[in-house]
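Student:
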Amino acid sequence: MKANNLFKWVCLLCLLNVAEIIRAQNITGKVVDEQQSPVAFANVVLLKTDSTFVEGTLSREDGTFQLKERKGDCLLKVTSVGYQPQIIECDGRDVGIIILRGGIELDAITVTAQKKLVKNEVDRTTYDVQGDTDAKSSSVIEILRKVPFVTVDGQGNIKVNGSSNFKVYRNGRPSRNYTNNSKDVLSSIPADVVKNIEVITEPGAKYDGESADAILNIITNDKLSMDGVVGTAQGAYSASGQHYGSLFLTTQVRKFTLGGNYSVQRLSHDGTYHYGDEEYLYKTSGNVQRISDKGDNLGWLHNMELEASYEMNARNLFSLSFGGYSYDVDINYNKTTSLFSRNNTVIYSYAENLHDSYQRFFDFNGHIDYQHLTGREGEALTFSYLLSTTNTRQRADWVYSDMENMPVDYSAFDSRKKNNFAEHTFQFDWERPLSEHHQLSMGTKYIFRDNSSLSQFGYDNGTKNHTDFAHYTHIAAVYGEYRFTSGAWNARAGMRYEYSYIDAHYKDGSNPDFAKHLGDWIPSLGISYKVNDRNTLKLNYLSRIYRPGISYLNPAVEETPDEISNGNPSLKSAHPHNISLSYMLTLPKLTANVSLSSTLNNTGIGEYNYLMDDVRHTTYENNLKLRGYTINTYLRWRISSTTSLMLNNSVQHRKLYSHQLGLENERWHWTFYAQAEQQLPGKIKLSLATGRNESTLDNLYDYSKPTYFYMLTLSRSFLKEERLSVRLMGYCDSGNFSRYGQYCAHTINGDYTGERRWITHSRNLTLRVSYRFGSLKARVKKTNKTIENEDLIGRR
Numbered sequence: 001m002k003a004n005n006l007f008k009w010v011c012l013l014c015l016l017n018v019a020e021i022i023r024a025q026n027i028t029g030k031v032v033d034e035q036q037s038p039v040a041f042a043n044v045v046l047l048k049t050d051s052t053f054v055e056g057t058l059s060r061e062d063g064t065f066q067l068k069e070r071k072g073d074c075l076l077k078v079t080s081v082g083y084q085p086q087i088i089e090c091d092g093r094d095v096g097i098i099i100l101r102g103g104i105e106l107d108a109i110t111v112t113a114q115k116k117l118v119k120n121e122v123d124r125t126t127y128d129v130q131g132d133t134d135a136k137s138s139s140v141i142e143i144l145r146k147v148p149f150v151t152v153d154g155q156g157n158i159k160v161n162g163s164s165n166f167k168v169y170r171n172g173r174p175s176r177n178y179t180n181n182s183k184d185v186l187s188s189i190p191a192d193v194v195k196n197i198e199v200i201t202e203p204g205a206k207y208d209g210e211s212a213d214a215i216l217n218i219i220t221n222d223k224l225s226m227d228g229v230v231g232t233a234q235g236a237y238s239a240s241g242q243h244y245g246s247l248f249l250t251t252q253v254r255k256f257t258l259g260g261n262y263s264v265q266r267l268s269h270d271g272t273y274h275y276g277d278e279e280y281l282y283k284t285s286g287n288v289q290r291i292s293d294k295g296d297n298l299g300w301l302h303n304m305e306l307e308a309s310y311e312m313n314a315r316n317l318f319s320l321s322f323g324g325y326s327y328d329v330d331i332n333y334n335k336t337t338s339l340f341s342r343n344n345t346v347i348y349s350y351a352e353n354l355h356d357s358y359q360r361f362f363d364f365n366g367h368i369d370y371q372h373l374t375g376r377e378g379e380a381l382t383f384s385y386l387l388s389t390t391n392t393r394q395r396a397d398w399v400y401s402d403m404e405n406m407p408v409d410y411s412a413f414d415s416r417k418k419n420n421f422a423e424h425t426f427q428f429d430w431e432r433p434l435s436e437h438h439q440l441s442m443g444t445k446y447i448f449r450d451n452s453s454l455s456q457f458g459y460d461n462g463t464k465n466h467t468d469f470a471h472y473t474h475i476a477a478v479y480g481e482y483r484f485t486s487g488a489w490n491a492r493a494g495m496r497y498e499y500s501y502i503d504a505h506y507k508d509g510s511n512p513d514f515a516k517h518l519g520d521w522i523p524s525l526g527i528s529y530k531v532n533d534r535n536t537l538k539l540n541y542l543s544r545i546y547r548p549g550i551s552y553l554n555p556a557v558e559e560t561p562d563e564i565s566n567g568n569p570s571l572k573s574a575h576p577h578n579i580s581l582s583y584m585l586t587l588p589k590l591t592a593n594v595s596l597s598s599t600l601n602n603t604g605i606g607e608y609n610y611l612m613d614d615v616r617h618t619t620y621e622n623n624l625k626l627r628g629y630t631i632n633t634y635l636r637w638r639i640s641s642t643t644s645l646m647l648n649n650s651v652q653h654r655k656l657y658s659h660q661l662g663l664e665n666e667r668w669h670w671t672f673y674a675q676a677e678q679q680l681p682g683k684i685k686l687s688l689a690t691g692r693n694e695s696t697l698d699n700l701y702d703y704s705k706p707t708y709f710y711m712l713t714l715s716r717s718f719l720k721e722e723r724l725s726v727r728l729m730g731y732c733d734s735g736n737f738s739r740y741g742q743y744c745a746h747t748i749n750g751d752y753t754g755e756r757r758w759i760t761h762s763r764n765l766t767l768r769v770s771y772r773f774g775s776l777k778a779r780v781k782k783t784n785k786t787i788e789n790e791d792l793i794g795r796r
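Mind the numbering: the sequence shown is residues 1 to 796 in the UniProt record's numbering, read in order.
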């Protein structure tokens, strides 16, 4: 009995000791500003009552913190640059919300701490643009080079997770003009109006099943300071003759907030000029075709956006946005074509010139969103409508000359193309927290798409080809997604069902009409574990759908003496699958991320190239199978307060094959971007960068040789609050630093093999000037949910 009582007393003492330890480890709280926004990286210091230091930490991205106390009464001191310090008493319990109030002038303060720029979540990686000092004098596309999983080559072409098949959102909304023209649009946007860039590498069930490989979400800055008008004016001029300007404005009148921007860019001869030559061996006949061409594209690009919101009360918000992107480009192009026999005698040859030719494009997007917050904290209902249109007009008049043994009976032809795309989307989303650790999201969506194409070809021998094709798609979708959060664990599981009805009509009667009914289940799963404040692991699986767009479906036949091409209205959707594992390390001066992923697709849409009578034919088929493996690495090391290094690297192995055609294309790819930054005397920043570009395999026939590029940038900010920024960037993407760079692509499979080489300007010098003016306390508020369509390939 005594032994039993002694055992009970020992257990009780142990429990009391454990309880004391738990109590001592439980000093938690959250730091916010006067607008209740989290204050990240605030200094939180635990002191004894005599001000002796005990322990310290920094608040997290969401403002929360945790400290381990020893014993006894203590004080908690919270400080952050630009805020008044706060000192409170604590006794080991949760201290709740600590509000920091503004009041310290920043002019006399030199900030030397480096904010963590990369944040890892279960389905995305976020880059803090406002924390990057280069944002004051850079464009968005220049900042993208620093974002994990994103590569930008010397010509401004973007890849995400090693793929060119990605979508671009603005503030959580899909943007057709950003996606279709990402290179031009993102080059014209100053980075200082952007808050964060999210790389959503694993879109969950709430995103359309018919999706891209990844999503870039550009979140504009919403932390502004005073009533009035805020804006950024930017201009840039390059030695190649291309220049552009942009203006961004935001203002507020009571509960109504308005923001807008406009940018314009000029395309010059030096900036778009190219010269190329091609040579192909036709396997069956042994004949050799040689082609040379040159040309440029002159014109103007325009981009415009407008956002507005009206906060009716604390629970109801109405917002709308619309924008457009357009260009009008004159196309100048000359080409010579010759076909030689095995013994190098001329079979035929001719020259062709393009006259009175242009391409006009206009893309419009409009959103209307209404959000209602219920009485339950975190619960929101959102109703949305999206209108999206694309209008393309093309005119080309070809005239042949220097004809020898011309293989066709015409000497000129003209083509007129009109492609129209219209999409109407209605969506409802519901988010509801079930408890502290559980959250449920559900929604439904209806989409109506109207694709139409009118193609006319006229030849001087009297022949005319005319195709009037319309393609309608009805999509009904419902989804549910469950999220779990508890301590270091985060998980999500979702399921989406999509029903689609496809209806195709040939208004000219050239082909019989057809219709299809499809139903697809799309699962997604993700889990992340935060080992500690420095180490995070995450695992994700997702499945997507790729539906073909109008340019892939259009059966109109376009014919020249040596080429014939057309779309395929019988194409089916593709269903790729992806699984990924990533690890992230975060230290005070070092951030590293490693991601491994595998992709499988057995129903891919690919080009089908073949020869008939020594004429090259191109169409599309569901003949592509893919096996892909990718390793992405990201490293950012702040060596000192004035020196930093950054590396963005991607190694990829892709195997494309078709049992039907008996073809296989398999290669390794390696791309990287490396940058060193140094703060020089006189507040001048120096940046040296180099990188390697290599096109990813996207068909069964070709691959491209890699190229390297080099950049040197000097930047400086002037005036109070560094409102005026000047940036000078020198760039070269030829290995020998020559004025012109040569690029090469090889055709290795199919009925013919060969090589294409082309030359463009490789050196450039760009001066960019940016000025920020005004200040604003409000922001254009956005609903938590909105419409997200990110599916089509070959829309134009």
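Beta carbons: idealized from backbone N, C-alpha and C, even for Gly.
What you are looking at is a predicted structure, and each value in this text was computed from that prediction instead of being measured.
Helix, strand or coil for G567 per DSSP?
Tutor: Of the three classes helix, strand and coil, the one that applies to G567 here is coil, per DSSP.
Student: Check whether the Cβ atoms of G63 and V45 sit closer than 7 Å, and answer yes or no.
Tutor: In this structure, V45 does not lie closer than 7 Å to G63 by Cβ.
Student: With DSSP run on the structure shown, which of helix, strand or coil describes P190?
Tutor: Strand, per DSSP.
Student: What does DSSP give as the partner residues of G260 in its beta bridges?
Tutor: Note: G260 sits in a beta bridge opposite L249 and L306.
Student: Under the rule that 16 or more other beta-carbon atoms within 10 Å means buried, what is A108, buried or exposed?
Tutor: Confidence at A108 is low in this model, with a pLDDT of 41, below 50, so its placement is unreliable and the value that follows should be read with caution. Exposed, because fewer than 16 other Cβ atoms sit within 10 Å of the Cβ of A108.
Student: Do the CB positions of Y673 and G691 come within less than 7 Å of each other?
Tutor: Yes. Within cutoff.
Student: DSSP three-state call for D270: helix, strand or coil?
Tutor: Of the three classes helix, strand and coil, the one that applies to D270 here is helix, per DSSP.
Student: For V122, which three-state DSSP category applies?
Tutor: The answer is coil: DSSP assigns V122 none of H, G, I, E or B.
Student: Check whether the Cβ of R547 lies closer than 6 Å to any heavy atom of the ligand FMN, and answer yes or no.
Tutor: For the structure depicted, the ligand FMN is absent and the ligand set is empty, with no information on it obtainable.
Student: What residue does the alpha helix (DSSP H) around E142 start on, and which one ends it?
Tutor: Note, E142: alpha helix (DSSP H), V140 to L144.
Student: Provide the residue span of the beta strand (DSSP E) that contains V615, from first to last.
Tutor: First-last of the beta strand (DSSP E) with V615: V615 to R638.
Student: Could you check what DSSP says for S770 in three-state terms: helix, strand or coil?
Tutor: Strand.
Student: Pull up the DSSP beta-bridge partners for residue 797, would you.
Tutor: Residue 797 lies beyond the range of the chain shown here (1 to 796); nothing can be said about it.
Student: Between the alpha carbons of L47 and I88, how many angstroms are there, rounded?
Tutor: Roughly 10 Å between the two C-alpha positions.
Student: Here's a check: name, in chain order, each residue in its chain whose Cβ is nearer than 6 Å to the Cβ of R636, leaving out the five neighbours to either side.
Tutor: Same-chain partners within the cutoff: T591 and M646.
Student: By how many angstroms is the C-alpha of G29 removed from the C-alpha of G526?
Tutor: Those two C-alpha atoms are separated by around 28 Å.
Student: Taking the beta carbon of T374 as the centre, do at least 16 other beta carbons fall within 10 Å, making it buried, or is it exposed?
Tutor: So T374 ends up on the exposed side.
Student: Applying the criterion that 16 or more other CB atoms from any shown protein chain within 10 Å of the CB defines a buried residue, is K255 buried or exposed?
Tutor: Its Cβ having fewer than 16 others within 10 Å, K255 is exposed.
Student: Do you know how far the Cα of L339 is from the Cα of D698?
Tutor: The straight-line gap from Cα to Cα measures roughly 28 Å.
Student: Just to confirm, is the Cβ distance from H466 to D508 under 7 Å?
Tutor: Yes, the pair counts as a contact, with Cβ atoms nearer than the cut-off.
Student: Using a Cβ-Cβ cutoff of less than 6 Å, which residues in the same chain neighbour P561 once the five nearest sequence positions on both sides are dropped?
Tutor: Cβ neighbours of P561 beyond the five flanking positions: P407 and V408.
Student: Is the separation between the beta-carbon of V129 and that of I200 shorter than 7 Å?
Tutor: Cβ atoms of V129 and I200: not closer than 7 Å.
Student: Assuming contact is defined by CB atoms lying nearer than 7 Å, are G241 and S263 in contact in what I supplied?
Tutor: No. Outside cutoff.
Student: Taking DSSP's pairing of strands, which residues face T560 in a bridge?
Tutor: According to DSSP, T560 bridges with nothing at all.
Student: Quick check on the DSSP output: the beta strand (DSSP E) that includes F65 runs from which residue to which?
Tutor: From DSSP, the beta strand (DSSP E) with F65 extends over T64 to L67.
Student: What residues are listed by DSSP as bridge partners for M442?
Tutor: Beta-bridge pairing links M442 to W430 and G480.
Student: Only counting the same chain, and skipping five residues up and downstream in sequence, which positions put a Cβ closer than 6 Å to that of L539?
Tutor: Around L539: I527 and L581.
Student: Mind checking who F514 pairs with in its DSSP beta bridge?
Tutor: Answer is A504, bridged to F514.
Student: Restricting to Cα atoms, I'd like to know which of Y731, F364, R101 and A205 is closest to G741.
Tutor: The shortest Cα separation from G741 among Y731, F364, R101 and A205 belongs to Y731.
Student: For the stretch 299 to 313 and the stretch 342 to 350, state whether three or more C-beta atom pairs, one from each stretch, are separated by less than 8 Å.
Tutor: With the cut-off at 8 Å, the stretch 299 to 313 and the stretch 342 to 350 do not touch.
Student: Quick one: residues in its chain with C-beta nearer than 6 Å to the C-beta of S453, no 5 flanking neighbours on either side, listed in chain order?
Tutor: Excluding sequence neighbours, S453 sits near N419, F469, I550 and N554.
Student: Under 7 Å between the Cβ atoms of V557 and N568?
Tutor: In this structure, N568 does not lie closer than 7 Å to V557 by Cβ.
Student: On the DSSP letters alone, give me the boundaries of the beta strand (DSSP E) that M406 sits inside.
Tutor: Element bounds for M406: n/a, residue is neither H nor E.
Student: For the 8 Å Cβ check, are there 3 or more pairs between the stretch 528 to 536 and the stretch 426 to 443?
Tutor: Counting Cβ pairs under 8 Å, fewer than three are found: no touch.
Student: Mind the definition here: the stretch 742 to 751 touches the stretch 705 to 715 only if three or more C-beta pairs lie below 8 Å; say whether that holds.
Tutor: At 8 Å Cβ cutoff, the stretches touch.
Student: Measuring only the C-alpha atoms, how far is P190 from K683?
Tutor: Computed Cα separation, rounded: 20 Å.
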